[in-house]
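Encoded as structure tokens, the structure appears first; notes follow it.
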Amino acid sequence: MRSHLLNDTTAESYRRSVTEGIERVAAKLATTTRPFTGVTVDALSPRIDEIDLDKPLLDTTAVLDELEDVYLRDAIYFHHPRYLAHLNCPVVIPAVLGEAILSAVNSSLDTWDQSAGGTLIERKLIDWTTARIGLGPVADGVFTSGGTQSNLQALLLAREEAKADTPAELRVFASEVSHFSVKKSAKLLGLGPDAVVSIPVDHDQRMQTVALARELERCRRDGLVPMAVVATAGTTDFGSIDPLPEIAELCEQYGTWMHVDAAYGCGLLASVKYRDRIDGIERADSVTVDYHKSFFQPVSSSAVLVRDASTLRHATYHAEYLNPRRMVQERIPNQVDKSLQTTRRFDALKLWMTLRVMGADGIGRLFDEVCDLAVEGWRLLAADPRFDVVVAPSLSTLVFRWIPASVTDPAEIDRANLYARKALFASGDAVVAGTKVQGRHYLKFTLLNPETTVEDMSVVLDLIAGHAEQYLGESLDRAS
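Following the working numbering, the numbering of the sequence shown begins with 153 at its first residue and continues without gaps.
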């Protein structure tokens with residue numbers, strides 16, 4: 153079995169095996185005609201259940217044949233232009249190359265003696281990102297597994313910086329359409345069930361700063377501590393961007409930590425056309441960025457950035473076997489000193505490869521393309537009497553609802569939209585997402601693929617309308 157260990161004696165075997173796997177994936181990408189096969193849980197589960205993991209196939213080609221049957225054939229392919237559902241982007245080739253390299257070398261980014269150059273590359277990318285944000289000369293940060301972890305760490309720092317006698321006194325303010333990880337983080341941090349105060353949004357799904365000011369004043373009047381305000385630069389459902397300059401003013405007035413969840417909107421940091429949409433982000437105390445959303449990176453690639461590097465001390469613990477305190481005096485850079493994780497992948501390499509091959513403007517132009525596409529999609533929906541579209545896009549998301557000409561029962565329309573989404577997914581012709589707006593079911597295009605066209609959107613809208621009309625026709629037949 154030593155023949156399977158990657159080392160100097162197996163380098164050629166490694167080359168052959170990886171090449172064979174890459175060729176399988178490349179062939180699949182070249183021949184995929186729709187984003188999904190429509191396979192059901194009931195159809196796929198038995199194929200995987202019958203595999204006996206205690207009886208290896210002992211042959212790479214045989215394993216790849218099996219993988220074709222249980223994974224590659226039925227995977228959901230985000231690169232397809234009619235995958236329009238969640239915040240999953242197609243990935244750029246330099247980043248995939250970086251993924252292959254980092255997996256093989258397998259550096260762990262917790263300590264210098266496990267990563268060396270990887271540590272410095274990650275630190276360079278953190279400095280590059282904080283400079284793009286404008287956080288100032290003492291900013292810092294660390295790569296994370298994703299936006300949820302980044303938000304958790306940011307709120308941990310905010311909790312530790314807040315002046316409160318007990319956690320029950322602490323309050324976090326976020327818009328009613330902010331990411332669920334804000335409430336989840338509050339629970340994990342031991343805050344009370346009422347800790348997160350939801351602030352209403354305006355017609356454009358942006359936090360109402362008048363309401364925020366009112367709640368901050370109420371918090372102070374009640375003797376509570378405003379621990380943090382979470383502003384969102386790109387909400388999951390709408391792509392809306394909260395009014396960052398006004399929120400920054402209120403945070404300064406009330407001495408409150410300002411966190412910006414820019415997991416989605418961070419692509420604007422590289423934008424050639426739309427960077428001004430996140431003006432005010434430079435005033436944040438912490439920022440979440442997900443490169444694996446709008447920088448076209450493979451999962452996972454995220455970071456939490458802070459204005460003041462010293463605040464990262466709240467995540468620091470020393471272990472003699474790993475990062476003893478003397479290393480700080482010796483100026484040995486251990487990234488574990490800043491991270492909630494210990495063992496950690498060299499995910500920064502993917503972004504490094506991307507920037508070195510494509511440049512920031514190359515990434516930004518791709519993101520600008522999907523933002524432009526969303527505007528065209530908005531016009532398409534607004535001109536189509538079959539659909540009600542909620543709000544003009546701030547980034548690349550469109551939320552809409554099929555509305556029949558003859559049926560006025562909102563519950564029946566809900567069911568038709570739900571059916572249309574499920575039927576579309578089952579067909580494999582396209583994948584769209586869904587959400588609720590004021591209690592009603594809506595559908596969602598999340599546009600992150602520059603290869604998607606207006607024609608693609610038009611075809612998918614026709615498919616949605618066809619499925620919804622079929623549902624209503626069958627519903628009327630059942631009722632008669």
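Don't be surprised by glycine CBs; every beta carbon is placed ideally from N, CA and C. Computed from a prediction, not measured in an experiment: that's the story for all the values here.
Would you mind sorting residue i into buried or exposed? The rule is 16 or more other CB atoms within 10 Å of its CB.
| i | result |
| --- | --- |
| Lys502 | buried |
| Met153 | exposed |
| Leu205 | exposed |
| Phe390 | buried |
| Gln357 | buried |
| Ser632 | For Ser632, the predicted structure reports a pLDDT of 48, less than 50, and the residue's modelled location is therefore unreliable. The matter cannot be settled from this model. |
| Lys490 | buried |
| Pro545 | buried |
| Ser633 | The chain is shown from 153 up to 632; residue 633 falls before or after that span and cannot be answered. |
| Arg167 | exposed |
| Lys276 | exposed |
| Lys207 | exposed |
| Asn94 | Since the first residue of the chain shown is 153 and the last is 632, residue 94 is not available in this structure. |
| Ser558 | exposed |
| Ser337 | buried |
| Ile174 | exposed |
Do you know whose CA, among the options, lies nearest residue i's CA?
| i | options | result |
| --- | --- | --- |
| Asp221 | Asn159, Asn475, Arg199 | Arg199 |
| Val439 | Val244, Lys596, Thr296, Ala363 | Thr296 |
| Arg435 | Phe448, Arg459, Tyr443, Gly417 | Arg459 |
| Val611 | Pro485, Asp536, Asp513, Pro556 | Asp536 |
| Val243 | Leu254, Ile253, His231 | His231 |
| Gly375 | His355, Ser392, Tyr406 | Tyr406 |
| Thr494 | Tyr469, Arg465, Ile253, Val509 | Tyr469 |
| Ala461 | Asp428, Ile430, Met510, Ile278 | Ile278 |
| Thr605 | Cys523, Pro476, Gly288, Leu474 | Cys523 |
| Ala104 | Ser330, Met379, Asp354, Thr263 | Outside the displayed range of the chain (153 to 632) lies residue 104, so it cannot be described from this structure. |
| Pro378 | Leu420, Tyr426, Arg311 | Arg311 |
| Asp331 | Ser392, Leu421, Asp566 | The sequence shown places His at residue 331, not Asp. Comparing Cα positions, the closest option is Ser392. |
| Arg465 | Gln487, Leu421, Val353 | Gln487 |
| Tyr623 | Trp409, Gly586, Asp566 | Asp566 |
| Leu210 | Asp194, Ser155, Gly586 | Ser155 |
| Gly190 | Asp201, Thr162, Asp226 | Asp226 |
Considering only residues of the same chain and omitting the five flanking positions on each side of residue i, which have a CB-CB separation below 6 Å?
| i | result |
| --- | --- |
| Ala383 | Asp394, Leu396, Ile399, Val412 |
| Lys180 | Leu224 |
| Thr282 | Ala291, Leu457 |
| Ser259 | Ser267, Gly270, Phe498 |
| Arg645 | Any answer about residue 645 is impossible in this case: the structure gives the chain only from 153 up to 632. |
| Thr408 | Pro378, Val381 |
By Cβ distance below 7 Å, which residues in the same chain neighbour residue i in space, the five residues on each side in sequence not counted?
| i | result |
| --- | --- |
| Glu251 | Pro450, Lys502 |
| Val589 | Val542, Val551 |
| Met510 | Val244, Pro246 |
| His619 | Tyr571, Ala572, Ala575, Leu576 |
| Ile484 | Trp264 |
| Ser169 | Thr212 |
| Thr463 | Leu309, Glu313 |
| Thr184 | Tyr229, His232 |
Measuring CB to CB, does residue i end up less than 8 Å from residue j?
| i | j | result |
| --- | --- | --- |
| Ser327 | Met359 | yes |
| Gly386 | Leu547 | yes |
| Gly298 | Pro319 | no |
| Leu518 | Phe448 | yes |
| Pro187 | Ile245 | no |
| Val294 | Ala455 | yes |
| Leu239 | Thr598 | yes |
| Gly516 | Ser453 | no |
| Arg497 | Leu157 | no |
| Leu615 | Asp581 | yes |
| Asp442 | Cys418 | yes |
| Val348 | Val329 | no |
| Leu236 | Val527 | no |
| Ala617 | Arg531 | no |
| Asp520 | Lys445 | no |
| Pro233 | Asp513 | no |
| Gln301 | Leu421 | no |
Below 8 Å CB to CB, which residues in the same chain sit around residue i once its five sequence neighbours on both sides are set aside?
| i | result |
| --- | --- |
| Ile433 | Ile285, Gly286, Ala385, Leu396, Val412, Ala414, Val439 |
| Ala534 | Val541 |
| Ile117 | Since the first and last residues shown for the chain are 153 and 632, residue 117 lies out of range. |
| Arg372 | Pro378, Tyr406 |
| Ile351 | Phe325, Ala326, Ser327, Glu328, Met359, Gln360, Ala363, Leu364, Glu367 |
Assuming residue i and residue j form a contact by the criterion Cβ under 8 Å, report the distance between their Cβ atoms to the nearest whole angstrom.
| i | j | result |
| --- | --- | --- |
| Leu322 | Ala314 | 6 Å |
| Leu304 | Leu340 | 6 Å |
| Ala568 | Pro556 | 7 Å |
| Thr506 | Ala247 | 5 Å |
| His593 | Leu613 | That belief does not hold up - the Cβ atoms of His593 and Leu613 are roughly 16 Å apart, past 8 Å. |
| Glu172 | Thr212 | 6 Å |
| Val381 | Leu364 | 7 Å |
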